[in-house]
Structures are given as C-alpha cells and as structure tokens.
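Only one structure is covered here, and it is reproduced in the block below.
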Amino acid sequence: MTDEIRPFKIKISDEELDNLNKRLDLARIPDNIDDVEWDEENGVTVDFIRRTVSHWRNGYSWREHEAKLNEMPQFKTTIKLSATNKAGQTFDPVEVHFAHVKATQKPASGGPAIPLIFIHGWPGNFAEVQKALPALNAAGFDVVAPSLMGYGWSSLPRQAGFNMFHHADVFHHLMVRLGYDRYVVQGGDWGAIVSRALLMQHPEHAVALHVNMPYVTSSELSPEESANLTEAELAAVERFQWYKDYEQAYTAVQATKPRTFGFALHDSPVAMLSWMADKMNLWSDLENLPGGGYTTDEYITWTLLHYFPGPTTAIQMYRANFGEQMKQHVAEPAAKLLARNRVDNPVGVSHFPKEIAVSPRVLFEKENNVVFWREQQKGGHFAAHEQPEVFAKDVIEFLTGQWKSFQANL
C-alpha cells in the first residue's frame, strides 16, 4: 500500500445502465393506493413515482449528469488506520473517494489558500458542495469533499464498529496526505457529527468548524433558558419534536437492520428513489428552491449516487454509531472522547429554518466553543445544495476570520 493519490472519474458502464433500464421497465408500482388519502405524510405518492420513473426512462440522461459531476477533479487514495474495534480486529484499509477543487483566488486575509474539508451526511453525497464551489474557491478555499466511508466510491471495512471517530481519523490522514497539516472543517448531518469528532481528536490540526446541523443530545432547558429562546429557536424545537414524532423511524430501521433493509434498496432503483425522495421532500425548504422544488433530474441523480455504488454500506453507518452497537464496538481512546463530548476550538453555526435537528444555542454552547451563530431565513437540511450562496457566505465569513486569527497566533 502506498500514499498514492489516483485520479478518478465516475464512469458507469453501459451494461450497468442497461440493467438499470430493465429494472425500471419491470418496476412494480402499486395501483391500489389513493394518493388523496395516502398523501406525503404516508410517504411519496404513487403519482410522483410514476411520473419520475417515466421521465427516468424517457427523458433523463445519466451521462449528462455524470459529466457535470466529473467537472469536479476527483481522486482516490488508500488509507490504513492502526485502530481496532472492541473485539481487537484491525480495520481493513479503506479506499477514500474525494473531490479536490482548488482556490481560484487568494483569501481576503492574504497568504496561501485555506484548506477546507466538506463532510456530507445521509442521504446526501460529496457533490452537495458543487453549487457552492465557485464562491468558496473565489474566496481562497481549497475544497476537499470526500465521500463518507461506504458512500459513493469510498469503501467500508468489513469489520464491525467503524464509527464517527474512525471516519474522523481517515479524513485527518487524507488532509495531511494532501499537504494540509492544518485545515478548517464544514459539516452537516453525519458530517456535523464526524466533524466534531475530528476536532476532538485532532484539535491541533482541525483549527475551526462550521456546521449547519447544530445538534447535541442534551435537551433539558431551565425555565430561564426556555424563556430566552429566539423565535427561530422555538420554531426549531417544534420542528425537531415533529421530526422525532413522525419522521425518525428511518433511523431505527437503519440502526438495527441495515443489511436486511439494504437488499431492497440495492436491488430496486424505485425503492431507492422512494426512500431518497421522501427525505428530500420533507427535510428541505422546497418553497424556497428555484422553481418551488427539486427538479425531477435532481431526485434521480441523487438516487443514482447511492444506487450505483450500492446503498447498504452507507446506511450501515447508523448501526455503527447508535445504541448498543456503538457501546459494544467503540474502543479507547474514542470512548473517553465520547464521554467528554466537548469541542474547544472555534465553532460557527448557520441555522437554516427547515433543518431537522437544531439544538438551541444555549445547549449547543455547553458542548462547543460557539463564536458565530447566524439564523437564516430560508433553507433546509441540504443547505449547501439548497442555498449555495447563503451557505457559502456564512462559511467564508466565519472560517476566513478564524483562519486569519489562527495564522496570526502561529
């Protein structure tokens, strides 16, 4: 095994595309469900699936979107961790897939480009950042956007217990291998969780963090704290309660039986589409997207970014990080870090109103050194994709300032 960085392009074979089209032609879509009665609260509608599958077969071009994705320079490299799981098993080396898009101008603070690692979540993908890249690159950021392990074209070790801390170690090694001994971090969804682990484990290297899902597990507010919540925080508390009551069943499924559930998603593109579209619809600020919602092509492309590589290893992340599996397999020193659960380096937050899990600032501050907090008026769970200009503006403002302060103190 070497430290080689290998150029990579997404290239789905004609054979795979033919197989996909055959499966779409043979798709079994139920016809005994009334879309008026069984609306979005019961999942995506029959009408949506029929229309989308029809466009998929008759109007959608994967090659067009593949070419667009490949406009981002992409690479793969092999990283071997020395860590073991609780059973003493050493993890397989992982193949890390990532985009690496370099700055087009120098930062306003002067000096060389600012290294930024962008870490996505589920059901997102590395390309969530693509719309925000022009602004980030023009502001002097070298952007590294990896696929999480088991997502896209990044591999997942066969050994149980590869959790957030192992992801964090892989991404730290990736940044160092690329020549970035010190860097800044951005994360949403799992990316926010992995990013916090990265700063806890490598605070001398990961010098600042921006998140768009500011969530901590603590939810106990004192009467005084409750009385001082902003309108946006009150709305976020209400939305998070809605999410827990009505929309979190997917977590239980993916954290307990990802392999069983994965067979359906792996075999059926329509199953993958329905699972993907359900989350895109309910977790996004649809009315503030261009045209009032996602395009049919967007639903399909995001679906295929999970379907083609195979979605089962991606949802395995829930089993490795939640409940008894996490307790069973997490090993030192990660267990101590998890118990401490504190990020001391500077943390910035962008609160988008349709995000699914936002803790009030007073709670988030108990576990993070928050020095920037901005409440936005539009946007949801996939902030970089939904509102790229707003997202990039916050990231640039916060992380450029933190990088300048860090450099001044060297």
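Residue numbers (UniProt numbering): 1 to 410. Even for Gly, the Cβ is constructed at its ideal location relative to N, Cα and C. All figures in this text were calculated on a predicted structure; none of them were measured in a lab.
In this structure, glutamine 402 and alanine 208 form a Cβ contact; the two beta carbons are roughly 4 Å apart against a cut-off of 8 Å.
Between the alpha carbons of methionine 72 and alanine 145 lies a gap of roughly 10 Å. For lysine 9, the CB contacts under 6 Å within the same chain, skipping 5 residues up- and downstream, are Asn70 in chain order. In the structure shown, isoleucine 114 falls within a strand segment according to DSSP collapsed to helix, strand and coil. It is roughly 22 Å from the alpha-carbon of arginine 239 to the alpha-carbon of phenylalanine 322. Under the 8 Å Cβ criterion, the stretch 382-391 counts as touching the stretch 124-132, having at least three qualifying pairs.
When the Cα atoms are used, phenylalanine 126 and proline 30 turn out to be separated by approximately 33 Å. For serine 268, the closest alpha carbon among the candidates Thr313, Asp278, Ile12, Thr303 is that of Thr303. Look at tryptophan 122 here: in three-state DSSP terms it is coil, with no helix or strand label. Spanning the alpha carbons of alanine 357 and arginine 374 requires a straight line of approximately 16 Å.
In this structure, methionine 175 lies away from valine 94, with their beta-carbon atoms at least 8 Å apart.
Residue pairing from DSSP places isoleucine 79 in a beta bridge opposite Val94. Put simply, of Asp181, Asp278, Trp283 the residue whose alpha carbon is nearest the alpha carbon of isoleucine 300 is Asp278. In the structure shown, threonine 217 falls within a coil segment according to DSSP collapsed to helix, strand and coil.
For the pair methionine 200 and histidine 173, the Cα-to-Cα distance works out to about 15 Å.
Residue pairing for valine 211: DSSP places it in a beta bridge opposite Gly187, Val349.
Under the three-state reduction of DSSP output, tryptophan 373 falls in the strand class. If you check the CB distance, alanine 383 and serine 350 come in under 8 Å. With contacts defined by Cβ atoms closer than 8 Å, arginine 259 and threonine 312 form a contacting pair.
For histidine 100, the pairing in a beta bridge is given by DSSP as Val144. Assignment of proline 223 by DSSP, reduced to helix, strand and coil, places it in the helix class.
Of the other Cβ atoms in all chains shown, 16 or more fall within 10 Å of the Cβ of lysine 354; this residue is therefore buried. Counting along the chain, proline 7 sits inside the beta strand (DSSP E) bounded by residues 6-8. Taking 4 residues as the minimum length, the alpha helix (DSSP H) runs contained wholly in the stretch 231-317 are 231-242, 249-256, 258-267, 269-283, 296-307, in order along the chain.
Contact annotation: the stretch 80-92 touches the stretch 157-166, with at least three C-beta pairs closer than 8 Å.
Counted as a single uninterrupted DSSP element, the alpha helix (DSSP H) harbouring threonine 400 occupies residues 388-408. Of the other Cβ atoms in all chains shown, 16 or more fall within 10 Å of the Cβ of asparagine 345; this residue is therefore buried. In this structure phenylalanine 364 does not touch proline 203 by the C-beta definition: roughly 18 Å separates them, more than the 8 Å allowed.
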